[in-house]
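To start, the structure itself, in structure tokens.
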Amino acid sequence: MTTQPVFRFAPSPNGHLHLGHALSALLNARAAVALSGRFLVRVEDIDQTRCTPDLEREMFEDLAWLGVPLDEPVLRQSENFPQYRAALEKLQDMGLVYPAYLTRAEIKAFVSAKEANGKSWPRDPDGAPLYPGDAAVLSAEELKSRAASDAPFSLRLDMQRALAEIGRALSWQETGAEGESLFAEPVAVPVEAAAWGDVILARKDTPTSYHLSVVVDDARQGITDVLRGQDLYHATSVHRVLQELLGLPSPVYRHHRLVLGADGRKLSKSSKDTSLRSLREAGMTHAELRKRIGL
880 MTTQPVFRFA
890 PSPNGHLHLG
900 HALSALLNAR
910 AAVALSGRFL
920 VRVEDIDQTR
930 CTPDLEREMF
940 EDLAWLGVPL
950 DEPVLRQSEN
960 FPQYRAALEK
970 LQDMGLVYPA
980 YLTRAEIKAF
990 VSAKEANGKS
1000 WPRDPDGAPL
1010 YPGDAAVLSA
1020 EELKSRAASD
1030 APFSLRLDMQ
1040 RALAEIGRAL
1050 SWQETGAEGE
1060 SLFAEPVAVP
1070 VEAAAWGDVI
1080 LARKDTPTSY
1090 HLSVVVDDAR
1100 QGITDVLRGQ
1110 DLYHATSVHR
1120 VLQELLGLPS
1130 PVYRHHRLVL
1140 GADGRKLSKS
1150 SKDTSLRSLR
1160 EAGMTHAELR
1170 KRIGL
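If you read the sequence shown in this note's numbering, its first letter stands for residue 880, the second for the next number, and so on.
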């Protein structure tokens, strides 16, 4: 029996959708139609401060204007916290998670001092310095004091232990992004999770991170095909590790090109001139939008 393909679009209502979101939503909707599959929307609203009901409502107005057909139900991450906690506790029971007390400022100062002395420091594929470990910066007394005072902390995955627990090389299935690649045979891409170091899985006041929630949500929704931006290509290595540790299925991945701004950078929600809301209020038509994003 052939499994029906299930695609998803997972925006965060912490700002208005822009042209890059339009490309991703339309590619997913088109792929679902081409493969006789389903297209789901997931609201990534873990950040309850920045994600607001008004922004979510306006997000769905933009999707309606795009003409994107939405299958119900719409999953909201804010309603899924118990599942994230359960996944995190499973990793903790395996001895793969530890509290990390260094602040961003302390990490930056430590790495800057190293590099100022001519020593290189490894960085992840996004360019952020790898976590040095609390003991590299803080004394045993300071660590004990922070733990006793209930100071802020992150919960990080011990990547070396995680990879040792898995004990074998991993890969993911990648088929490419655009319509002509939908029927292509997938190729195996080797996982290079060590390049990410000890990624954050949760924080003291937040029961999950993007990396943890995305694999839990994809499994919960039965997602078979993840079609997302090229900026998340390397993060797939982290997601495959978490899927393997948690016993979750791995979808087929397709990573599409990005829509770039005039400065050559990835669009952000602060770029109001490329927001769907401002463009449609200015009178842009569907045909003009598709031409602008290369569809």
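Every residue, glycine too, gets a C-beta built ideally from N, C-alpha and C.
| Item | Value |
| --- | --- |
| Please report the Cβ distance between Ser1088 and Ile1079, rounded to the nearest whole angstrom; I am assuming they are in contact, meaning their Cβ atoms lie under 8 Å. | 5 Å |
| Which of the three DSSP states is assigned to Leu1091 in this structure? | helix |
| Using 8 Å as the Cβ pair cut-off and three pairs as the minimum, do the region 1007 to 1015 and the region 972 to 988 touch? | yes |
| Using DSSP with H/G/I as helix, E/B as strand and the rest coil, what is Tyr977? | strand |
| In the structure shown, what three-state DSSP assignment does Lys1145 receive? | strand |
| Could you pull the start and end residues of the beta strand (DSSP E) that Gln1052 belongs to? | 1050 to 1053 |
| Kindly say whether Leu898, judged by its beta-carbon, lies nearer than 8 Å to any beta-carbon of chain B. | In the structure shown, chain B cannot be found, because there is only a single protein chain. |
| Below 6 Å CB to CB, which residues in the same chain sit around Ser957 once its five sequence neighbours on both sides are set aside? | Asp924 |
| Less than 8 Å between C-beta atoms, sequence neighbours within five positions excluded: which residues of the same chain meet that for Glu1064? | Thr1054 |
| Following the continuous alpha helix (DSSP H) through Leu942, name the residue where it begins and the one where it ends. | 932 to 945 |
| Look up His1134 in the DSSP assignment and give the residues it is bridged to. | Arg1107 |
| Distance, Cα to Cα, Leu954 vs Gln1100? | 8 Å |
| Check whether the Cβ atoms of Ser1028 and Ala1072 sit closer than 8 Å, and answer yes or no. | no |
| Can you say whether Thr1153 is buried or exposed, counting buried as having 16 or more other CB atoms within 10 angstroms of its CB? | buried |
| Give the secondary structure of Val953 by DSSP, where H, G and I count as helix, E and B as strand, and everything else as coil. | strand |
| Helix, strand or coil, according to DSSP, for Leu1174 in the structure here? | coil |
| With 16 as the cutoff for other CB atoms within 10 Å, does Ala966 come out buried or exposed? | buried |
| In angstroms with no decimal places, state the Cα-to-Cα distance between Leu914 and Leu1017. | 54 Å |
| Alpha carbon to alpha carbon, how far is Gly974 from Gly1058? Give it in angstroms, no decimals. | Confidence at Gly1058 is low in this model, with a pLDDT of 45, below 50, so its placement is unreliable and no value can be given for it. |
| Evaluate Pro892 with the Cβ neighbour count: other Cβ atoms within 10 Å of its Cβ, from every protein chain shown; 16 or more gives buried, anything less gives exposed. | buried |
| Thinking just about the alpha-carbon of each residue, which of Ser991, Pro1069, Glu968, Lys1083 is nearest to the one in Ala1048? | Pro1069 |
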